């Protein structure tokens, strides 16, 4: 059974592919007013008896009074917000139409149109993806089932019901004021009002990635802990705080340690401790290691990488890479000074002799946090996405103003402290959101796969659009030490999001498998799932599955085998 699924902090799209011959939490705390307490003692039993009755009445009154005051206080704040602020839908340009949210279906719907054929040895599982554009989290899935000699495919999506989602669902209207960007006083006011009304400064987004650990599946974003998801029904089960031991934000890119099955996690926070790293047991039941890296300030750190023995993370702002033993502490971090850059996504890390090799998609400019307040956002993003020319025409100044992201290599010598770093791909195409065969995480790998930016379409819309996929050959060098790259280009005005590598059962080679991805044709307004043979990468997809509804662009996808 293979399930293809997409999930978001507003809705989850999911596609499930099943082949079967035999049958082949609680709401966040609100700020309450302090309660007064009174204690009175009497020496006689008669007085004590009389007091007991009186105390019961007083306690009831005291319990009701603060609750009434709190409810009145919150209602006054709600009335103030409703009177001063107006929630309006963000207008989308025609070129941004597939960034707009969709509604929840909630029940499986059959997908009956398949161009080509789903491979007979495609594994049973779930393909799931978050959606960052939806106001509420939505999960979407597609489920093909082999029955009576043919595939039966169904599609579904559901909201990820975070605590803050439930608040707004109960209210039947939006409640949280936007508190991420804008004029500083307005952002501060939104923070305060959200905190006073809901006990949280912002929504819990759950909109960035989906991952598996110990047979359970989680939807994550970096501003809160993950939510456990039933990937067959898409029901949100509960928050995952590792039995209460992890109560801070949780990375969208946890990594499973080679050999042990432990899960390496991290979390950043604007107050001390700014950066903590943890290790979750292979069975997911306990936090076996937790360390404060004692950073001097909060920094944006989106991802970590791991090798067999070591952990790597990129500390944006300081232009340093830190390497530490998996069970190390702040004093065991080995820092390497590197050229300033922005690296959101790591391809892989591994050890080779005395070196740690880090492979990633690296840009000289960052798309986050965006332009300074007062700048024209559309113009700023549009300029950053423009193609800056062929390799021989590139200079550092033009690349500094661009979002051009290239495959990059750092070689960090743990004995000498030396650093060797270089681009591995040219400037013809910008690449990001890399994936690999997960059997190679922390080990030397031959291949990687990325989404490829369509610079023209992205510049016109002011939003990233990915018009194809790339297969990178890490052991094959071409011109000027650049590696070989093979491209899979989509038809015109067709863009993808959330690809995942699906390993072939019993596969021998690293690229034995398929790339599965959501695509959307903006001319026909039709969304599909493509299945691309990783060995015949530039060929037509082996299968194109037409979905019964539009799937908005999103971030990271994942394929979850049901029978690992």
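In the numbering used here, the protein residues as written are -2 to 561.
Glycine residues also receive a C-beta, built at the ideal position from the N, C-alpha and C atoms.
These figures come from a predicted structure and were not determined experimentally.
Report task. With distances taken Cα to Cα, identify the nearest neighbour of residue 106 among 96, 155, 79, 97. Result -> Numbered from 1 along the chain shown, position 109 holds the residue referred to as residue 106. Residue 106 has its Cα closest to that of 155, out of 96, 155, 79, 97.
Query raised in the report: If you draw a straight line from the C-alpha of residue 509 to the C-alpha of residue 346, how long is it?
Result: For the purposes of this step, residue 509 is taken as residue 512 along the chain shown, with counting starting at 1. For the purposes of this step, residue 346 is taken as residue 349 along the chain shown, with counting starting at 1. Our two residues, residue 509 and residue 346, have alpha carbons roughly 21 Å apart in a direct line.
Report task. Taking residue 365 and residue 406 to be in contact with their CB atoms under 8 Å, please state how far apart those CB atoms are, rounded to whole angstroms. Result -> Here residue 365 refers to the residue found at position 368 when the chain shown is read from its first residue. Here residue 406 refers to the residue found at position 409 when the chain shown is read from its first residue. About 23 Å; that fails the 8 Å criterion.
Query raised in the report: Skipping 5 residues on each side, what residues in its chain have a beta carbon closer than 7 Å to that of residue 597?
Result: Here the chain has residues from -2 to 561 only, and residue 597 is not among them.
Query raised in the report: According to DSSP, what are the bridge partners of residue 326?
Result: As a working note, residue 326 is residue 329 in the chain shown. Answer is none; residue 326 lacks a bridge partner.
Requested in this report: Please go through the same chain and pick out, in chain order, the residues whose beta-carbon is closer than 8 Å to the beta-carbon of residue 215, but skip the five residues on each side of it.
Outcome: Numbered from its first residue, the chain shown carries residue 215 at position 218. So the qualifying residues of the chain are 207, 208, 209, 223, 224, 225, 226, 237.
Query raised in the report: Which residue's Cα is closest to the Cα of residue 83: 119, 111, 174, 125?
Result: Here residue 83 corresponds to residue number 86 of the chain shown, with the count starting at 1. Checked all of 119, 111, 174, 125; the closest Cα to residue 83 is 174.
Requested in this report: Just confirm the distance between the C-beta atoms of residue 261 and residue 276, as a whole number of angstroms; I'd bet it's less than 8 Å.
Outcome: By one-based count along the chain shown, residue 261 stands at place 264. By one-based count along the chain shown, residue 276 stands at place 279. Taking C-beta atoms under 8 Å as the contact rule, residue 261 and residue 276 qualify, at a distance of about 6 Å.
Report task. Can you tell me which of the three DSSP states residue 384 falls into? Result -> Sequence index remark: in the chain shown, residue 384 carries index 387 (1-based). Secondary structure at residue 384: coil, using DSSP grouped into helix, strand and coil.
Requested in this report: Let me know the secondary structure DSSP gives residue 563 once reduced to three states.
Outcome: Because residue 563 is not part of the residues shown, which for the chain are -2 to 561, the question remains open.
Query raised in the report: For residue 121, which residues does DSSP report across the bridge?
Result: Here residue 121 corresponds to residue number 124 of the chain shown, with the count starting at 1. According to DSSP, residue 121 shares a beta bridge with no other residue.
Report task. Using 10 angstroms around the beta-carbon of residue 266, count the other beta-carbons present and answer buried if the total reaches 16, otherwise exposed. Result -> Taking the chain shown and counting its residues from 1, one reaches residue 266 at position 269. Classification for residue 266: exposed.
Requested in this report: With distances taken Cα to Cα, identify the nearest neighbour of residue 443 among 449, 435, 493.
Outcome: Position 446 of the chain shown, counting from 1, holds the residue named residue 443. Sorting 449, 435, 493 by C-alpha distance to the C-alpha of residue 443 places 435 at the top.
Query raised in the report: Do you know offhand how far residue 159's Cα is from residue 111's?
Result: Residue 159 sits at position 162 when you count from the first residue of the chain shown. Residue 111 sits at position 114 when you count from the first residue of the chain shown. C-alpha separation (whole angstroms): 34 Å.
Report task. Give the straight-line distance between the Cα atoms of residue 517 and residue 492, rounded to the nearest whole angstrom. Result -> Here residue 517 corresponds to residue number 520 of the chain shown, with the count starting at 1. Here residue 492 corresponds to residue number 495 of the chain shown, with the count starting at 1. Taking the straight line from one Cα to the other gives about 6 Å.
Query raised in the report: Does the Cβ of residue 318 have 16 or more other Cβ atoms within 10 Å, making it buried, or fewer, making it exposed?
Result: Locating residue 318 in the chain shown gives position 321, counting from the first residue. Counting Cβ neighbours within 10 Å, residue 318 comes out buried, since at least 16 surround it.
Query raised in the report: Touching or not, the region 85 to 93 and the region 466 to 480, by the rule of three or more beta carbon pairs under 8 Å?
Result: No, because fewer than three Cβ pairs between the region 85 to 93 and the region 466 to 480 fall closer than 8 Å, the two stretches do not touch.
Query raised in the report: Taking the runs of the beta strand (DSSP E) that are 3 residues or longer, which of them lie wholly in the region 474 to 538?
Result: Runs of the beta strand (DSSP E) inside the region 474 to 538: 480 to 486, 491 to 500, 510 to 518, 523 to 530.
Query raised in the report: Among the residues of its own chain, which have a CB less than 7 Å from the CB of residue 507, if the five just before and after it don't count?
Result: As a working mapping, residue 507 is identified with position 510 in the chain shown. For residue 507, the CB contacts under 7 Å within the same chain, skipping 5 residues up- and downstream, are 434, 437, 442, 443, 444 in chain order.
**Report entry** residue 339 - partner residues in DSSP beta bridges
**Finding:** As a first step, residue 339 is located in the chain shown; it is residue number 342 there, counting from the start. Among the bridge pairs identified by DSSP, residue 339 is matched with 360.
Query - Limits of the beta strand (DSSP E) - the one that residue 234 falls within - result: Position 237 of the chain shown holds residue 234. Membership of residue 234 in the beta strand (DSSP E) is indicated by the continuous run 233 to 236.
Query raised in the report: Just how far apart, CA to CA, sit residue 118 and residue 501?
Result: The count along the chain shown starts at 1 and reaches residue 118 at position 121. The count along the chain shown starts at 1 and reaches residue 501 at position 504. Approximately 7 Å, taken between the alpha carbons.
Query - Every unbroken beta strand (DSSP E) inside the region 238 to 283 [3 residues or more] - result: Restricted to the region 238 to 283, the beta strand (DSSP E) segments that are unbroken, complete and at least 3 residues in length are 260 to 265, 272 to 277, listed in chain order.
Query raised in the report: For residue 496, which option in 256, 430, 417 has the closest C-alpha, if you only look at C-alpha atoms?
Result: For the purposes of this step, residue 496 is taken as residue 499 along the chain shown, with counting starting at 1. For residue 496, the nearest C-alpha among the options comes from 430.
Query raised in the report: What separation, rounded to the nearest whole angstrom, lies between the Cα atoms of residue 74 and residue 370?
Result: Working through the chain shown from its first residue, we reach residue 74 at position 77. Working through the chain shown from its first residue, we reach residue 370 at position 373. Cα atoms of residue 74 and residue 370: separation of roughly 27 Å, rounded to the nearest angstrom.
Query raised in the report: DSSP on residue 164, reduced to helix/strand/coil?
Result: What you label residue 164 is simply residue 167 of the chain shown in a count that begins at 1. Correct three-state label for residue 164: helix.
Query raised in the report: Going by the CB atoms, is the gap between residue 494 and residue 527 shorter than 8 Å?
Result: As a first step, residue 527 is located in the chain shown; it is residue number 530 there, counting from the start. As a first step, residue 494 is located in the chain shown; it is residue number 497 there, counting from the start. The Cβ-Cβ distance between residue 527 and residue 494 does not fall below 8 Å.
Query raised in the report: Rounded C-beta distance between residue 380 and residue 452? I'm assuming under 8 Å.
Result: Looking up residue 380 in the chain shown gives position 383. Looking up residue 452 in the chain shown gives position 455. The C-beta separation of residue 380 from residue 452 comes to about 11 Å, leaving the pair out of contact by the 8 Å criterion.
Requested in this report: Kindly give me the distance between the Cβ atoms of residue 417 and residue 323, rounded to whole angstroms, as I take these residues to be in contact under 8 Å.
Outcome: Stepping through the chain shown from its first residue, residue 417 is reached at position 420. Stepping through the chain shown from its first residue, residue 323 is reached at position 326. By a beta-carbon distance limit of 8 Å, residue 417 does not contact residue 323. Their separation comes to about 24 Å.
Query raised in the report: residue 112 bridges to which residues according to DSSP?
Result: Indexing the chain shown from 1 puts residue 112 at position 115. Partner(s): 541.
Query - As assigned by DSSP and simplified to three states, the class of residue 191 - result: On the chain shown, position 194 is the one that residue 191 refers to. Residue 191: helix per DSSP, three-state reduction.
Report task. Would you check if the distance between the CB atom of residue 439 and the CB atom of residue 479 is smaller than 8 Å? Result -> In the chain shown, the residue the question calls residue 439 occupies position 442. In the chain shown, the residue the question calls residue 479 occupies position 482. Not in contact: residue 439 and residue 479 (Cβ atoms no closer than 8 Å).
Report task. Could you check how far apart the C-beta atoms of residue 316 and residue 334 are, in whole angstroms? I think they sit under 8 Å. Result -> Against the chain shown, residue 316 aligns to sequence position 319. Against the chain shown, residue 334 aligns to sequence position 337. With a Cβ gap of about 7 Å, residue 316 and residue 334 count as contacting.
Report task. Have a look at residue 263 and residue 248 and give me their C-alpha separation to the nearest angstrom. Result -> If you number the chain shown from 1, residue 263 lands on position 266. If you number the chain shown from 1, residue 248 lands on position 251. Taking the straight line from one Cα to the other gives about 6 Å.
Query raised in the report: What is the C-beta distance between residue 410 and residue 351, in whole angstroms, given that I count them as a contact (C-beta under 8 Å)?
Result: Taking the chain shown and counting its residues from 1, one reaches residue 410 at position 413. Taking the chain shown and counting its residues from 1, one reaches residue 351 at position 354. That belief holds up - the Cβ atoms of residue 410 and residue 351 are roughly 6 Å apart, short of 8 Å.
Report task. Have a look at the DSSP bridge pairing and note the partners of residue 466. Result -> Counted from its first residue, the chain shown places residue 466 at position 469. Within the DSSP bridge table, the entry for residue 466 names 448, 485 as partners.
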